[in-house]
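Residue numbers (our numbering): 457 to 904. We treat Cβ as the ideally placed atom computed from N, Cα and C, and that holds for glycine. Since the structure comes first, as structure tokens, the remarks are kept for the end.
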């Protein structure tokens, strides 16, 4: 989550701290990269590549090479920060919801396939008594059907039995899906659409309902694809694989244990090892004075450069007050005060300077959540993980061209195709940034 609503606050109340920049302003700089943040983006993104986590990092490294930027990649380690327990629990609940929702959508796909196998002739010949029985399974009445002229022969025992079974499954599904802890809003919506369409099909014998069922089936497929993607778990083995790949390409990598990767990035900046941090997590700004680069290597957003020192100055906040302000907005390390959003949080911290004084003067209608452990969150933001001190740790690993060629072949990466994509991405970023001067022609053949 980072810090809830912080970008909007800074754009409004500290506009000089947020700038749109072109990536070439970072040429010849050493920049820390929140690698775990990018790993999430690559794994859950739309890229169809068989090894999209590796392919994503390969494209990113070629982008750095094109801009002559020296990256230091920082990954989350196997031992995560205990203070992030609330966020881990929230993610675990979300994973369970995705798991149950995916199973539900697969079951719905089977039902829809069965409904779509019903022919127009079968519907036309279905006896009224059978339709009543099936609709009763859906808790629906047949009042509208009384106005129709119906001539049906009894029989069709097999199709009636089949439809009755599917209707029973649908009724149970509609009841089950109301559990908001286990199923997503989209899944609940698709289940209700299914019941409505099936009811219409049975009552009115409408053939055009079949096209609506087909549309629902398409939406079901889209949602299943999305849920399958979200069900992927990023494991330590996956992080290690990416780190080994990057080191083989000649890039410096670190793992951060018992803390957050962006905190180590902040420490690298504090130690003057880097000049900025590339990340999407806004809590990077609360860890120190290192500028944050957002939307780097994005196809749809211009790059934002956010300076926490300028931000604090324009907001009129000390470093301690800024940390308390971020905690009030909402971070991964603590609950919040019910009813206090980013704007009210800024007003309170501007007036009271620290959370303790705010709590003494807090309006009773605003209630701190049980998980509002602001002192714990403070300790997290004020403590930085250790970093390597010796210069040798920051020297680029030696590259073995033969090994690199083998790796690219194994991961099904075409270097020529990848370079074309990277140059196109730079051109797109130039357009997003509104630059009139784009510098070196990104389609030039003089590219190393």
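Where the beta strand (DSSP E) through residue i begins and ends
i, result
"residue 488", "486-490"
"residue 760", "759-762"
"residue 750", "748-750"
Beta-bridge pairing of residue i - partner residues as DSSP gives them
i, result
"residue 885", "DSSP lists no partner for residue 885."
"residue 794", "823"
Spatial distance of residue i from residue j (CA atoms)
i, j, result
"residue 820", "residue 742", "28 Å"
"residue 512", "residue 498", "6 Å"
"residue 717", "residue 726", "14 Å"
"residue 653", "residue 685", "28 Å"
"residue 705", "residue 850", "15 Å"
"residue 475", "residue 756", "16 Å"
"residue 559", "residue 689", "17 Å"
"residue 870", "residue 505", "11 Å"
"residue 877", "residue 522", "12 Å"
"residue 823", "residue 779", "20 Å"
"residue 855", "residue 762", "34 Å"
"residue 528", "residue 710", "8 Å"
"residue 811", "residue 791", "13 Å"
"residue 507", "residue 789", "32 Å"
"residue 867", "residue 886", "30 Å"
"residue 555", "residue 561", "10 Å"
"residue 809", "residue 524", "42 Å"
"residue 484", "residue 530", "19 Å"
"residue 519", "residue 848", "25 Å"
"residue 860", "residue 637", "46 Å"
"residue 884", "residue 493", "22 Å"
"residue 846", "residue 803", "44 Å"
"residue 796", "residue 626", "42 Å"
"residue 501", "residue 495", "10 Å"
"residue 634", "residue 649", "14 Å"
"residue 617", "residue 881", "57 Å"
"residue 680", "residue 651", "19 Å"
Backbone secondary structure at residue i - three-state DSSP
i, result
"residue 733", "strand"
"residue 710", "strand"
"residue 608", "A caution first: residue 608 carries a pLDDT of 43, below 50, which makes its placement in the model too unreliable to give a value."
"residue 527", "strand"
"residue 441", "Not covered by the structure: residue 441. The range shown for the chain is 457 to 904."
"residue 532", "strand"
"residue 787", "strand"
"residue 805", "helix"
"residue 772", "coil"
"residue 896", "Because the pLDDT at residue 896 is just 43, under 50, the model does not fix this residue reliably, and the point stays unresolved."
"residue 842", "coil"
"residue 878", "helix"
"residue 753", "coil"
"residue 867", "coil"
"residue 501", "coil"
"residue 745", "coil"
"residue 598", "Unreliable positioning characterises residue 598 in this predicted model, as indicated by a pLDDT of 43, which lies under 50. The coordinate reading is nonetheless provided below. Looking at residue 598 - three-state DSSP - the assignment turns out to be coil, as it is neither helix nor strand."
"residue 617", "helix"
"residue 852", "coil"
"residue 687", "coil"
"residue 872", "helix"
"residue 483", "coil"
N-terminal and C-terminal residue of the alpha helix (DSSP H) that residue i is part of
i, result
"residue 459", "Element bounds for residue 459: n/a, residue is neither H nor E."
"residue 836", "830-838"
"residue 856", "Element bounds for residue 856: n/a, residue is neither H nor E."
"residue 520", "508-523"
"residue 635", "That residue, residue 635, is in no alpha helix (DSSP H); it is neither H nor E in DSSP."
"residue 817", "No alpha helix (DSSP H) holds residue 817; DSSP gives it neither H nor E."
"residue 704", "692-704"
"residue 738", "Run containing residue 738: none; DSSP gives neither H nor E here."
"residue 725", "717-726"
Whole-number beta carbon distance between residue j and residue i, since they are thought to touch under 8 Å
i, j, result
"residue 805", "residue 777", "5 Å"
"residue 769", "residue 639", "With 8 Å as the limit, residue 769 and residue 639 do not qualify as a contact, their Cβ atoms being about 47 Å apart."
"residue 426", "residue 841", "Examination of residue 426 is not possible in this model, given that the chain is present from 457 through 904 alone."
"residue 843", "residue 738", "In fact, because the Cβ distance is near 22 Å, the residues do not count as touching under 8 Å."
"residue 701", "residue 487", "19 Å between Cβ atoms; not a contact."
"residue 749", "residue 732", "5 Å"
"residue 712", "residue 533", "5 Å"
"residue 889", "residue 489", "Not quite, the Cβ-Cβ distance comes to about 20 Å (not below 8 Å), so this is no contact."
"residue 563", "residue 629", "7 Å"
CB contact below 8 Å: residue i versus chain B
i, result
"residue 825", "The structure shown contains no chain B; it is built from a single protein chain."
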